[in-house]
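Undergrad: Here's a structure for you.
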Amino acid sequence: MVSSTALTTKVTSGSPYQLEKTQVSRASTALLKHIKTKQDEKEKTATKKTLIGDNDDSDAEEGSPLHNEAIWLVLTTKKHIVDKNRLKPGKIPIPHSLNASPSLSICLITADPQRSVKNIVTDPSFPAHLSSRIERVIGYSKLKDRYKSFESRRQLLAEHDVFLADDRIIMRLVNTLGKVFYKSSKRPIPVRIAEIEKVDGKKVKKDPKVRNARKVEGEGDKESAFATPAIVAKEIEKALNCAPVHLAPATTAAIRVGSSKFSAQQVAENVEAVVKGLTDKFKRKQIGDADEEKLIEEAPKKSKKPKAKAAQDDEETLSLAARKEKLQKQKAKAIL
Numbered sequence: 002m003v004s005s006t007a008l009t010t011k012v013t014s015g016s017p018y019q020l021e022k023t024q025v026s027r028a029s030t031a032l033l034k035h036i037k038t039k040q041d042e043k044e045k046t047a048t049k050k051t052l053i054g055d056n057d058d059s060d061a062e063e064g065s066p067l068h069n070e071a072i073w074l075v076l077t078t079k080k081h082i083v084d085k086n087r088l089k090p091g092k093i094p095i096p097h098s099l100n101a102s103p104s105l106s107i108c109l110i111t112a113d114p115q116r117s118v119k120n121i122v123t124d125p126s127f128p129a130h131l132s133s134r135i136e137r138v139i140g141y142s143k144l145k146d147r148y149k150s151f152e153s154r155r156q157l158l159a160e161h162d163v164f165l166a167d168d169r170i171i172m173r174l175v176n177t178l179g180k181v182f183y184k185s186s187k188r189p190i191p192v193r194i195a196e197i198e199k200v201d202g203k204k205v206k207k208d209p210k211v212r213n214a215r216k217v218e219g220e221g222d223k224e225s226a227f228a229t230p231a232i233v234a235k236e237i238e239k240a241l242n243c244a245p246v247h248l249a250p251a252t253t254a255a256i257r258v259g260s261s262k263f264s265a266q267q268v269a270e271n272v273e274a275v276v277k278g279l280t281d282k283f284k285r286k287q288i289g290d291a292d293e294e295k296l297i298e299e300a301p302k303k304s305k306k307p308k309a310k311a312a313q314d315d316e317e318t319l320s321l322a323a324r325k326e327k328l329q330k331q332k333a334k335a336i337l
């Protein structure tokens, strides 16, 4: 068993815990070597080879080698990062995209009408390298009507690698797509493709009373306004270059940071970006400076390799131990 080495180091300013980059790089190298060894072993015994590994064990045969196996970063804290389940994923920019393949199949789910978005994607000003990967554009109404059964949703899930969704309808998809999607690693990623009204360079908030009045009158999302092709393309690119973060009221969070095709340096740089993004967003709120942190890089269904553990005793644990010791002394005196 590999001995655990401190991942974090103390600094005089900012968060007291900083990543030890050398140890992150060593852990990434060791993990990739471990995955390669396991893949070579399976190559010798497997009867069927897969072209792409999406870590969905329901579709992959037992013992089949995955040539593009995902690598996940697991963050463990002593406090819940969030108070309730967040079904709308967050996004953290990473230097090395998880979706850089030119053969990537993208499904874009939009607010109605879908024809407006199809026109945007086929517009000459829309980047060709992006439009060629968007294989399906479907509006929310058609999605709801066509994919009611469990099997039809499973088929849709298997047809595409990435699902992007208009952030105006992202929460409606929880019930529409169900556990087929939300128990997989292909949850829809929100993108902002709506036209944003601005006055003097500042975003104008829509009056909720006007929005509700339109719904009562039956207008709803019938005339949803979309941004220009350039802005839509920019937002889609931004979403593809981020690591989706799904948070729940728990002490662990798993974030995909790479694949077995990445180099050790690429994995390490993505790990650093994700850790920085999470700590910047939740620092002194849910995680806190005094929390003990443990980071683990792993490949699903593989042996876990602990990267590090902060070498500080938790103050709350110490105070609890002191209170217990004091209580025991009081009980001993009472007996005497």
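Going by the working numbering, the sequence shown runs without a break in its numbering and finishes at 337. Every residue, glycine too, gets a C-beta built ideally from N, C-alpha and C.
1. Do residue 140 and residue 115 have their CB atoms nearer than 8 angstroms?
2. Quick one: give me the first and last residue of the beta strand (DSSP E) that residue 254 is part of.
3. Return the bridge partner residues of residue 165 from the DSSP annotation.
4. So the alpha helix (DSSP H) residue 230 belongs to, where does it begin and stop?
5. Using a Cβ-Cβ cutoff of less than 6 angstroms, which residues in the same chain neighbour residue 215 once the five nearest sequence positions on both sides are dropped?
6. From which residue to which residue does the beta strand (DSSP E) around residue 92 run?
7. Can you confirm whether the stretch 174-184 touches the stretch 115-126 when touching is taken to mean that 3 or more C-beta pairs between the two stretches lie within less than 8 angstroms?
8. Between residue 241 and residue 91, how many whole angstroms is the CB-CB distance? I'm expecting something under 8 angstroms.
9. Mark residue 70 as exposed unless 16 or more other C-beta atoms lie within 10 angstroms of its C-beta, in which case mark it buried.
10. Rounded to whole angstroms, how far is the Cβ of residue 265 from the Cβ of residue 29, which I believe are closer than 8 angstroms?
11. For residue 136, which three-state DSSP category applies?
12. In this structure, what does DSSP give as the bridge partners for residue 246?
13. When the Cβ atoms of the stretch 96-109 are set against those of the stretch 243-260, are three or more pairs found closer than 8 angstroms?
14. Excluding the 5 residues preceding and the 5 following residue 168 in the sequence, name in chain order all residues of the same chain whose CB lies nearer than 6 angstroms to its CB.
15. Would you mind giving the Cβ-Cβ distance between residue 145 and residue 123, rounded to the nearest angstrom? I have them listed as a contact below 8 angstroms.
16. Please report the Cβ distance between residue 163 and residue 88, rounded to the nearest whole angstrom; I am assuming they are in contact, meaning their Cβ atoms lie under 8 angstroms.
17. Could you check what DSSP says for residue 20 in three-state terms: helix, strand or coil?
18. Among 244, 104, 38 and 196, which has the Cα closest to the Cα of residue 270?
19. Does residue 263 come out as helix, strand or coil in the three-state DSSP assignment?
20. When the Cα atoms are used, what is the spatial distance from residue 277 to residue 329?
21. Have a look at residue 108 and residue 283 and give me their C-alpha separation to the nearest angstrom.
22. Since residue 99 is in the alpha helix (DSSP H), which residue starts that stretch and which ends it?
23. Would you mind working out which of 161, 23, 272 and 235 sits nearest residue 130, comparing C-alpha positions?
24. Residue 110 and residue 227 - do their beta-carbons sit closer together than 8 angstroms?
25. Which whole-angstrom value is the C-beta distance of residue 134 and residue 106, which I expect to be below 8 angstroms?
26. Just tell me which of 158, 41 and 188 has its CA closest to the CA of residue 171.
27. What are the start and end residues of the alpha helix (DSSP H) that includes residue 175?
28. Between the C-alpha atoms of residue 80 and residue 280, what's the straight-line distance to the nearest angstrom?
TA: For this structure:
1. yes
2. From DSSP, the beta strand (DSSP E) with residue 254 extends over 253-260.
3. Residue 165 pairs with 109 and 190.
4. 230-241
5. Only weak support exists for where residue 215 lies, its pLDDT of 46 falling under 50; the value from the coordinates is given anyway. Result list for residue 215: empty, nothing under 6 angstroms.
6. 91-94
7. no
8. So it is not a contact: roughly 15 angstroms between Cβ atoms.
9. buried
10. Right, their Cβ atoms sit about 4 angstroms apart.
11. Three-state DSSP puts residue 136 in a strand.
12. For residue 246, the beta-bridge partners assigned by DSSP are 91.
13. Three or more beta-carbon pairs separated by less than 8 angstroms link the stretch 96-109 to the stretch 243-260, which places the two stretches in contact.
14. Contacts found: 191 and 193.
15. That belief does not hold up - the Cβ atoms of residue 145 and residue 123 are roughly 24 angstroms apart, past 8 angstroms.
16. So it is not a contact: roughly 18 angstroms between Cβ atoms.
17. Looking at residue 20 - three-state DSSP - the assignment turns out to be strand.
18. 244
19. Here DSSP, grouped into helix, strand and coil, assigns residue 263 to coil.
20. 43 angstroms
21. Whole-angstrom Cα-Cα distance: 31 angstroms.
22. Run containing residue 99: none; DSSP gives neither H nor E here.
23. 235
24. no
25. 7 angstroms
26. It is 188 whose Cα lies nearest to the Cα of residue 171.
27. 174-183
28. 14 angstroms
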